[in-house]
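> Heads up: the protein sequence lines correspond to chains A and B, in order.
Numbered according to the numbering used here, the first sequence spans residues 327 to 843.
Numbered according to the numbering used here, the second sequence spans residues 49 to 285.
Even for Gly, the Cβ is constructed at its ideal location relative to N, Cα and C.
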Amino acid sequence: MKNLFKLFFTKKKAKVRSIFAKPSSAIATLLSLLVFASMFFPVFDTRDKPVMDLLTYSLFTLFVIGFSTFLNLITLFQKKKALFFEEDSYYLFVGPFSNRQILSYLSVETMFDSFILSLISIVSPMMIISMMAIMPITYILFAFLITALYNYIILVLLQYFYIKDMIKEKKGNTQRWIGLCIFIILVAYAIYSYFQSSFNFTDIFVNFTYTNDFDFIPILGWIKTAMFGFYQNDTLIVLIVVAAFIVIDIILAALLTHVKGYFYEQAMIDAIDFSDYYKKAMAGIESKEEKIHDVTINYKQLSGAILSKNFLIMKKTRSFIGRQDLYSFIALAVFTLMINPNVYVFFGLLIFYLMNSVGNSTLSDDLKNNYIYFIPDKPIKKMLYSLLIPALKSTLFAVTMILIGFIFVDLKLTETLIGILITLSFIPVFYAGVVLSTRLLKSRGNKLIESMLHMLVMVVICLPSGGIAYLAFKMTGDFSQTITVLIPTLIVFNLALSLLIFYICSPMMNGNAYAAE
Amino acid sequence: MIEVKNLTKDYGKVIGANDVSLVAKPGEITILLGSNGAGKSTTIKSIIGLLKFKGSIKICSFDNMSVEAKKRFGYIPETPVLYDLLTIQEHIDFIGNAYQIDNYQQIADKYLTLFKLMEKKKTIAKELSKGMRQKLSMILALMTNPQALLVDEPMMGLDPNSIQDTLQILKTLKDNGVSILMSTHIIDMVDDVWDHAIIMKQGHVLADIERNELKDKSLKELFFELNGEDKEHEELI
């Protein structure tokens, strides 16, 4: 058992070592830590703030319960589950460890997870409330402790029922039922308070603060009891509730570590699946479980086969637009409809989206595909065929968004047409940016560096077009006067620049320019 | 000794192993031969406890799921499973302590030298080449001084010198009384070292044969005779 804990700490040490192994990752981590630490600053800034009263503390309690429950519900409802990552599963299940030892190790790992979850769930309430009133650090520490004890109950229950389901060799939904129960209890409390407070929504919070009704909800209500007891210096109440939480935690941990039965096979399958999902998520790869349809296609010859292949994938997955694209599209459309931004903000957002989305297109995969390198055809043709579907997607997205803008953002017809032409002229430039940055970075990069370089290169190669537009504006002092000349100039210039970049980088499609020297 | 009796593994859609019985004796190299999908990996994974099965498996007379059995066998998987961020030395420390091996560093150093990994002790697994990862995986299994060794396609990713070294190590272990059960589909590679062969096809054991029982036939000939493809296949070739 001692060795497993040693392994636990060795892994954490190795993680830190890996973060600081490269300057770029060390700087990024330190910056993130700095941002995280800055969230705590309002706690120490007591200038011009009142001392926290019961109502503010009650709001803090409500937020803490809300955030931690929200995170727990996400955990309870998530589809992908695993006891451990693949490596841990392998050494634990094959190595000289008993079930009891393995599950004890799991219970300790779960404790660590519940502390992390607790930290995440108190940060936002702490930030919000500490801006309103002086918040003693002891309140934060106590909230951290009590939510960690609460999280542990939920997480251990989740693991327990998951293992039980694996032993029974059936896919159970017990943890989802637990989640649903928590959700129903909270909704029931809200409805009850709504009736209690003479049908006034704002009085639900008053009811939460000044009555003991919420305290009667098992576990969730006890968090409030303990936190209010702590605020009112009621040591006995605090001790009783904390002791109750600890006793439940210990009982559940004992229950977990004493589970009997065989579960290694499914646990290993899930561990491999989850580890793969996690690695992909960390690399920024969208992991989807999509239905594959049985379709056929007539293949074009030579480079045309690339287009056919991309078209076939699209037909098989029935996904002309990916899930991420769809979400972005909806977000941008909703933003346009709700906020009613001006024409510049609207086009700015659209351009930003296009710059971002082109980096995630199938083009990036085709640039790194061995099979494409070996097609006996001109590299520039291979590149253009690889570009066709992604470019068509971007074009359709841009035109649809601008048409939505035309209807809902009060764009004039001429503005709409000009917007469509200028945006379309930049789409090949953005793709040229992807090609050029992939050529520059070769196979050295990771997802983050790749995205950053894509953006940078795209901005740089857009600069000449921006310069042309600026010069035109400087010379005439009015865009509208020169627009008839400016638009064709931009279109021709952008297209020529893109084609030039595609041509220069086209040897990549033969594979001899991608691998890093 | 590894004893498998009436092992059946039903995946639902397909039966991975169908009433498989075998014995890998101490001081012998037993090879599991078969094409892809023959049931070799299913058999080995059932023995090491990663699959639920019907039947009984004993390792050195202990039930395969017991800690006693787990202490006595080593397993070299087809694809090495390593902690990407841990160094070679940290892997060795973990296994050495987990198996409570007193002089683990000495044993590990012997294999590290043999596999030319001494200089890489502080390198993290993520930065090792495919062959080096395979070698580390072997060291981790061998340093436990196993009485039974299960090896799943051991030569994948190894260079010719390392293959020779590995075969030599297996021979030495065999001479020291270790029961070795190795799955492979490359017959030529194990032709000089095997003592006992089990030929499998579609989850069934087709033949269970000792080296001295093969008279005028080679193992390869027997394998192809038992795994005979149909006429259409021969014509295609």
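1. What is the DSSP secondary structure of Asp111(B), reduced to helix, strand or coil?
2. Between the Cα of Met191(B) and those of Phe142(B), Ile235(B) and Lys174(B), spot the shortest distance and give me the residue it belongs to.
3. Got a sec: is the Cβ-Cβ distance from Asn329(A) to anything in chain B below 7 Å?
4. Give a yes or no on whether the minimum CB-CB distance between Tyr590(A) and chain B is below 7 Å.
5. Between which two residues does the beta strand (DSSP E) harbouring Gly122(B) extend?
6. Along the stretch 205-237 of chain B, what residues have a CB closer than 9 Å to any CB found in chain A?
7. Taking Asp141(B) as part of the alpha helix (DSSP H), name the residues at either end of that continuous run.
8. Given that Met594(A) touches chain B, what residues does it touch there, using C-beta distances under 7 Å?
9. Should Asp691(A) and Ser629(A) be called a contact, given that it needs their Cβ atoms to be closer than 7 Å?
10. I'd like to know whether the C-beta of Tyr123(B) is nearer than 7 Å to at least one C-beta of chain A.
11. Terminal residues of the continuous beta strand (DSSP E) containing Lys158(B)?
12. Would Lys265(B) pass as a contact of Val241(B) if the rule is Cβ separation under 7 Å?
13. Which term fits Met492(A), buried or exposed, when burial requires 16 or more other beta carbons within 10 angstroms of its beta carbon?
14. Measure how close the beta-carbons of Gln195(B) and Arg259(B) come, nearest whole angstrom, since I'm counting them as under 8 Å.
15. Verify whether the separation of the beta carbon atoms of Met204(B) and Ile211(B) is less than 7 Å.
16. Output, in chain order, the set of chain A residues within a Cβ distance shorter than 7 Å of Phe110(B).
17. Going by the DSSP bridge assignment, what does Ser185(B) pair with across the sheet?
18. For Met204(B), name the three-state secondary structure that DSSP assigns.
19. Can you say whether Ile448(A) is buried or exposed, counting buried as having 16 or more other CB atoms within 10 angstroms of its CB?
20. Closest Cβ-Cβ distance between Leu55(B) and chain A: below 7 Å?
21. Sorted by chain position, which residues of the same chain lie with C-beta nearer than 6 Å to Pro376(A)'s C-beta, five sequence neighbours on each side aside?
22. Which residues of the stretch 415-430 of chain A have a Cβ closer than 8 Å to any Cβ of chain B? Give them in chain order.
23. Taking 7 Å as the CB-CB limit, is Lys338(A) close to chain B?
24. Quick one: Cα of Asn559(A) to Cα of Thr537(A), how far?
25. Could you work out which residue in Met230(B), Ile95(B) and Thr127(B) is closest to Ser114(B) when comparing CA atoms only?
26. May I ask which residues mark the beginning and end of the alpha helix (DSSP H) holding Lys339(A)?
27. So Asn636(A) is in the beta strand (DSSP E); what residue range does that whole segment cover?
28. Measure the C-alpha to C-alpha separation of Tyr697(A) and Asn836(A) and round it to an integer number of angstroms.
29. By a C-beta neighbour count over all protein chains shown, 10 Å radius and 16 as the cutoff for buried, is Ala552(A) buried or exposed?
30. Less than 7 Å between CB atoms is the rule here; does Leu443(A) satisfy it with respect to chain B?
31. Quick one: any contact between the stretch 156-164 of chain B and the stretch 78-89 of chain B, if contact means 3 or more CB pairs under 8 Å?
32. Tell me the rounded alpha-carbon separation between Phe542(A) and Leu475(A).
33. Enumerate in chain order the residues of its own chain whose CB-to-CB distance from Glu51(B) is below 6 Å, with the five nearest sequence positions on each side excluded.
Result, derived from the coordinates:
1. Strand, per DSSP.
2. Ranking the options by Cα distance to Met191(B), first place goes to Phe142(B).
3. At least one chain B Cβ lies under 7 Å of Asn329(A).
4. Closer than 7 Å to some Cβ of chain B, the Cβ of Tyr590(A) qualifies, so yes.
5. Counting along the chain, the beta strand (DSSP E) containing Gly122(B) begins and ends at Phe121 to Ile124.
6. Legend: CB atoms of the stretch 205-237 of chain B lying less than 9 Å from CB atoms of chain A are not found in any residue.
7. Where Asp141(B) is concerned, the enclosing alpha helix (DSSP H) stretches over Ile136 to Ala146.
8. Neighbours of Met594(A) on chain B, chain order: Leu98.
9. No, the pair does not count as a contact, with Cβ atoms beyond the cut-off.
10. A Cβ of chain A is located within less than 7 Å of the beta carbon of Tyr123(B).
11. Lys158(B) -> not in any beta strand (DSSP E); alpha helix (DSSP H) instead, spanning Tyr152 to Leu162.
12. It is not a contact, given that the beta carbons lie outside the stated cut-off.
13. Burial call: buried.
14. Not confirmed; about 22 Å, so no contact.
15. Against a cut-off of 7 Å, the Cβ pair of Ile211(B) and Met204(B) comes out as no contact.
16. Chain A residues near Phe110(B): none, gap ~11 Å exceeds 7 Å.
17. For Ser185(B), DSSP assigns no beta-bridge partner whatsoever.
18. Judged by DSSP in its simplified three-state form, Met204(B) adopts coil rather than helix or strand.
19. Its Cβ being crowded by 16 or more others within 10 Å, Ile448(A) is buried.
20. Interface annotation, Leu55(B): not in contact with chain A, CB-CB separation never under 7 Å.
21. Apart from sequence neighbours up to five positions away, the residues of its chain that approach Pro376(A) with a beta-carbon distance below 6 Å are Ala459, ordered along the chain.
22. So the list reads Tyr416, Tyr417, Phe419, Val420, Gly421, Pro422, Phe423 and Ser424, given in the order they occur along the chain.
23. For Lys338(A), the answer is no, since every Cβ of chain B falls outside 7 Å of its Cβ.
24. Separation of Asn559(A) and Thr537(A) (C-alpha to C-alpha, rounded to the nearest whole angstrom) is 18 Å.
25. Closest option to Ser114(B), Cα to Cα, is Ile95(B).
26. Element bounds for Lys339(A): Lys328 to Ile345.
27. Unbroken run through Asn636(A) is the alpha helix (DSSP H), Gly630 to Thr643; no beta strand (DSSP E).
28. When rounded, the distance between both Cα atoms is 10 Å.
29. Ala552(A) should be labelled buried.
30. Residue-level contact check: Leu443(A) does not touch chain B, since none of the beta carbons of chain B fall below 7 Å from its beta carbon.
31. Remark: fewer than three beta-carbon pairs, one from each stretch, lie closer than 8 Å, so the stretch 156-164 of chain B and the stretch 78-89 of chain B are not flagged as touching.
32. In this structure, the alpha-carbon of Phe542(A) lies about 18 Å from that of Leu475(A).
33. Correct list, in chain order: Val71 and Lys106.
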